[in-house]
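Chemist: Everything in the sequence shown is counted per numbering that gives the first Met the number 0, starting at 0 for the first residue and increasing by one. A virtual CB, placed ideally from N, CA and C, is assigned to each residue, including glycine. Bear in mind that the values here come from a model prediction, so they are computed numbers and not experimental data. I have a structure here, written as structure tokens, and I will follow up with some questions on it.
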Amino acid sequence: MTGNRGLTLAVALGMAALLSGCAVGPRYSKPPATVPQSYKEAPQNWKSAQPNDQIVRGKWWEVFQDPQLNALEEKVNVSNQSLKSALAQFDQARALVRFYRADFYPTVTAGTTDTYSRISQNRAISSSFSPVNYNDLTLPVSVSWEPDFFGRVRHTVESALANAQASAGDLENLSLALHANLAVDYFQLRTFDAEEQLLKDSVVAFERALELTQNRYQGGVASGVDVAQAQTELETTRAQAIDVQVARAQFEHAIAVLVGEPASTFSLPYAPRNVPPPAIPPGLPSDLLERRPDIAAAERRMAAENAQIGIARANYFPSITLSATGGFESSTITNWLSGPSGFASAGVSALITAFDVGRRRAISEQATAAYNQSVANYREAILVSFQEVEDNLSSLRILESEAQTQNAAVTAAQHSLDLSTNRYKGGVVNYLEVITAQNTALTNERAAIDILRRRLTASVQLIQALGGGWNVSNLPSAKLTNPPSPTQSTSGP
Numbered sequence: 000m001t002g003n004r005g006l007t008l009a010v011a012l013g014m015a016a017l018l019s020g021c022a023v024g025p026r027y028s029k030p031p032a033t034v035p036q037s038y039k040e041a042p043q044n045w046k047s048a049q050p051n052d053q054i055v056r057g058k059w060w061e062v063f064q065d066p067q068l069n070a071l072e073e074k075v076n077v078s079n080q081s082l083k084s085a086l087a088q089f090d091q092a093r094a095l096v097r098f099y100r101a102d103f104y105p106t107v108t109a110g111t112t113d114t115y116s117r118i119s120q121n122r123a124i125s126s127s128f129s130p131v132n133y134n135d136l137t138l139p140v141s142v143s144w145e146p147d148f149f150g151r152v153r154h155t156v157e158s159a160l161a162n163a164q165a166s167a168g169d170l171e172n173l174s175l176a177l178h179a180n181l182a183v184d185y186f187q188l189r190t191f192d193a194e195e196q197l198l199k200d201s202v203v204a205f206e207r208a209l210e211l212t213q214n215r216y217q218g219g220v221a222s223g224v225d226v227a228q229a230q231t232e233l234e235t236t237r238a239q240a241i242d243v244q245v246a247r248a249q250f251e252h253a254i255a256v257l258v259g260e261p262a263s264t265f266s267l268p269y270a271p272r273n274v275p276p277p278a279i280p281p282g283l284p285s286d287l288l289e290r291r292p293d294i295a296a297a298e299r300r301m302a303a304e305n306a307q308i309g310i311a312r313a314n315y316f317p318s319i320t321l322s323a324t325g326g327f328e329s330s331t332i333t334n335w336l337s338g339p340s341g342f343a344s345a346g347v348s349a350l351i352t353a354f355d356v357g358r359r360r361a362i363s364e365q366a367t368a369a370y371n372q373s374v375a376n377y378r379e380a381i382l383v384s385f386q387e388v389e390d391n392l393s394s395l396r397i398l399e400s401e402a403q404t405q406n407a408a409v410t411a412a413q414h415s416l417d418l419s420t421n422r423y424k425g426g427v428v429n430y431l432e433v434i435t436a437q438n439t440a441l442t443n444e445r446a447a448i449d450i451l452r453r454r455l456t457a458s459v460q461l462i463q464a465l466g467g468g469w470n471v472s473n474l475p476s477a478k479l480t481n482p483p484s485p486t487q488s489t490s491g492p
């Protein structure tokens with residue numbers, strides 16, 4: 000009889016091993032997406048035959064050749080609190096993968112009990128041969144296992160793994176955004192430094208013009224109106240130079256938060272920047288799907304939702320559990336662990352939901368709808384990514400042309416100011432013409448700095464739109480043994 004039970008258990012285990020590979024649910028495959036052959040706004044002198052890896056790899060901010068910016072960017076990976084929060088969120092997702100993988104294996108429990116009992120001699124059913132007082136020492140070990148016949152555990156692990164990889168993609172996308180925000184804020188600050196320098200230089204020039212006007216007034220050549228106009232122009236420019244410091248201070252405070260330092264103790268030295276951004280080759284549109292961490296995250300969420308469909312379908316099949324219990328039981332500790340004290344039992348149970356008023360069907364439909372939503376989100380992320388690349392390519396192309404025209408306007412305005420100043424010194428015109436020329440020259444010079452500011456911002460945003468040199472191969476592997484590093488995430492393959 001014991002042999003028959005052992006054979007039954009062996010057959011059950013064999014069937015479990017065979018059926019555990021029969022998983023229900025759809026196989027996952029990445030849905031197609033529309034990808035253009037080339038960028039419409041790409042520079043005309045860029046050739047599609049150029050290598051795809053021209054986009055800056057690793058620490059992409061170093062392409063701007065600014066040591067102060069490089070030092071600040073390094074602090075983001077170490078001290079930014081938002082990045083630490085995202086890393087902790089990934090660690091949670093990775094731990095869930097390990098949690099669900101444990102369901103592939105049996106659960107073993109063990110323990111020991113020591114019970115002392117006294118039986119009433121006046122109970123309804125008693126035996127004179129039964130002891131009134133006795134001990135019961137037990138040492139049980141129980142094993143239970145639910146074989147993954149229909150893929151419920153497998154799909155659960157697949158979903159958790161895909162969600163963990165999506166969390167890793169979110170972490171990489173946040174890291175890219177934080178580095179880009181820092182670069183944008185830094186260039187904003189430096190161009191405000193350049194604008195402040197321009198205004199201070201103009202103040203010096205206007206002080207000389209006021210002195211000239213006062214000397215002419217004292218000599219009876221100029222009127223008091225000329226002196227008042229020169230004084231007004233000087234003080235107005237001084238006020239503008241002071242006002243620029245408001246925006247600079249705000250960007251300095253924003254940079255402090257990005258590098259994880261209190262704004263009250265953080266400061267950046269004054270350093271105007273007048274250098275235009277370097278050329279950023281966009282690569283091929285087909286590469287964009289592999290270079291954007293947000294697209295990779297959206298694709299992984301599709302895989303997770305696809306696995307949820309398999310979990311929902313597995314609910315239609317029975318849940319089969321194999322269990323076994325064994326151990327030792329005795330009334331005295333002297334013979335507790337001896338052979339005659341041993342006991343064992345084994346069994347198989349199956350449970351299926353016979354009627355649930357459409358609950359399983361509703362869960363299956365919800366899982367399918369969630370997958371369809373993730374597909375739409377994935378395709379939308381791709382469309383938005385191409386829009387962002389095209390936006391910044393067009394901005395750089397147009398702003399470069401505008402900068403050339405604006406530089407010509409600055410040169411012409413300065414020449415006009417020189418002519419008006421000479422005419423005023425010769426007594427040909429009044430001071431109003433000089434003031435008009437001064438305002439025109441200063442306005443054009445400030446416009447040139449603003450264009451530079453926008454060009455630097457667009458170049459950073461283009462690098463961000465292209466993925467910052469990241470690649471989908473940087474996502475953690477299926478084992479998720481190591482978390483993604485923000486430093487490694489921008490290093491490329």
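Where does the unbroken alpha helix (DSSP H) through Thr410 begin, and where does it stop?
Modeler: Residues Arg358 to Lys424.
Chemist: Please name the residue, chosen from Ala221, Leu198 and Asn134, that lies closest to Asn334 on a Cα-to-Cα basis.
Modeler: Considering only alpha carbons, the answer is Asn134.
Chemist: Can you say whether Glu171 is buried or exposed, counting buried as having 16 or more other CB atoms within 10 angstroms of its CB?
Modeler: With 16 or more Cβ atoms within 10 Å of its Cβ, Glu171 is classed as buried.
Chemist: Straight-line CA distance for Val34 to Leu68?
Modeler: Approximately 35 Å between the Cα atoms of the pair.
Chemist: Near Tyr38, what residues of its chain come up, given a Cβ to Cβ distance below 7 Å and the 5 sequence neighbours on each side ignored?
Modeler: Once the five neighbours on either side are set aside, the close Cβ partners of Tyr38 are Pro281, Pro284, Val388, Glu389 and Leu392.
Chemist: Can you give me the start and stop residues for the beta strand (DSSP E) that Leu71 sits inside?
Modeler: Leu71 -> not in any beta strand (DSSP E); alpha helix (DSSP H) instead, spanning Pro66 to Ser78.
Chemist: Would you kindly work out how many angstroms separate the C-alpha atoms of Pro50 and Ala41, rounded to a whole number?
Modeler: Bear in mind that a pLDDT of 42 at Pro50, under 50, signals an unreliable position, so the number given afterwards is only what the model happens to contain. When rounded, the distance between both Cα atoms is 15 Å.
Chemist: Contact check, Thr324 vs Pro139 under 8 Å by CB: the rounded distance?
Modeler: Sure, about 6 Å apart at Cβ, within 8 Å.
Chemist: Around the Cβ of Tyr370, are there at least 16 other Cβ atoms within 10 angstroms (buried) or fewer (exposed)?
Modeler: Buried is the call here.
Chemist: Using the beta-carbon count (16 or more within 10 Å), is Pro261 buried or exposed?
Modeler: The residue is exposed, with fewer than 16 neighbouring Cβ atoms inside 10 Å.
Chemist: So, do the segment 306 to 317 and the segment 224 to 232 have three or more beta carbon pairs nearer to each other than 8 Å?
Modeler: Output reads no: the segment 224 to 232 does not touch the segment 306 to 317.
Chemist: Buried or exposed, going by whether 16 or more other CB atoms sit within 10 Å of the CB of Tyr513?
Modeler: Given that the chain is displayed from residue 0 to residue 492, the structure contains no residue 513 and the question cannot be resolved.
Chemist: Who are the near neighbours of Ser78 in its chain, counting only those whose CB is closer than 8 Å to its CB and skipping five residues on each side?
Modeler: Result list for Ser78: Val258, Gly259 and Glu260, in chain order.
Chemist: Taking only the alpha-carbon atoms, compute the straight-line gap between Ala248 and Leu211 and give it to the nearest angstrom.
Modeler: Their backbone Cα atoms lie some 35 Å apart in a straight line.
Chemist: For Gln244 and His178, I'd like the C-alpha separation in whole angstroms.
Modeler: Taking the straight line joining both Cα atoms gives about 24 Å.
Chemist: Comparing C-alpha positions only, which one of Lys58, Thr456, Gly466 and Leu95 sits nearest to Gln381?
Modeler: Reading off the sequence, residue 381 comes out as Ile, not Gln. For Ile381, the nearest C-alpha among the options comes from Gly466.
Chemist: Under 8 Å between the Cβ atoms of Gln365 and Pro271?
Modeler: No.
Chemist: Under the three-state reduction of DSSP, which class applies to Glu328: helix, strand or coil?
Modeler: DSSP places Glu328 in strand when its eight states are reduced to three.
Chemist: Secondary structure at Tyr38, three-state DSSP: helix, strand or coil?
Modeler: Looking at Tyr38 - three-state DSSP - the assignment turns out to be coil, as it is neither helix nor strand.
Chemist: If we call anything under 8 Å between Cβ atoms a contact, is Ala303 one with Leu395?
Modeler: Contact: no.
Chemist: Could you have a look at Asn470 and say whether DSSP puts it in helix, strand or coil?
Modeler: Residue state, collapsed to three classes: coil.
Chemist: By how many angstroms is the C-alpha of Ala109 removed from the C-alpha of Ser28?
Modeler: Distance between the alpha carbons of Ser28 and Ala109 is about 44 Å.
Chemist: Measuring alpha carbon to alpha carbon, tell me which of Ser472, Gln164 and Asn473 ends up nearest Met301.
Modeler: Met301 has its Cα closest to that of Gln164, out of Ser472, Gln164 and Asn473.
Chemist: Sorted by chain position, which residues of the same chain lie with C-beta nearer than 7 Å to Ile279's C-beta, five sequence neighbours on each side aside?
Modeler: Same-chain partners within the cutoff: Ser458, Leu461 and Ile462.
Chemist: Does Tyr27 come out as helix, strand or coil in the three-state DSSP assignment?
Modeler: Residue state, collapsed to three classes: coil.
Chemist: I need the DSSP call for Gly168, collapsed to helix, strand or coil.
Modeler: Helix.
Chemist: Taking the Cβ atom as the reference point for each residue, do Leu181 and Ile254 lie within a distance shorter than 8 Å?
Modeler: Yes, they are a contact pair.
Chemist: Thr236 lies in the alpha helix (DSSP H); which residues open and close that run?
Modeler: From DSSP, the alpha helix (DSSP H) with Thr236 extends over Gly223 to Leu257.
Chemist: Just to confirm my understanding: we take Ser373, look at its own chain, exclude 5 residues before and 5 after, and list those with CB closer than 6 Å. What are they?
Modeler: Result list for Ser373: Arg300, Met301 and Glu304, in chain order.
Chemist: Secondary structure at Asn132, three-state DSSP: helix, strand or coil?
Modeler: Three-state DSSP puts Asn132 in a strand.
Chemist: Inspect the beta-carbon positions of Leu474 and Ala167 and report whether they are closer than 8 Å.
Modeler: Yes. Within cutoff.
Chemist: Check whether the Cβ atoms of Asn273 and Leu451 lie closer than 8 Å to each other.
Modeler: Going by C-beta atoms, Asn273 is nearer than 8 Å to Leu451.
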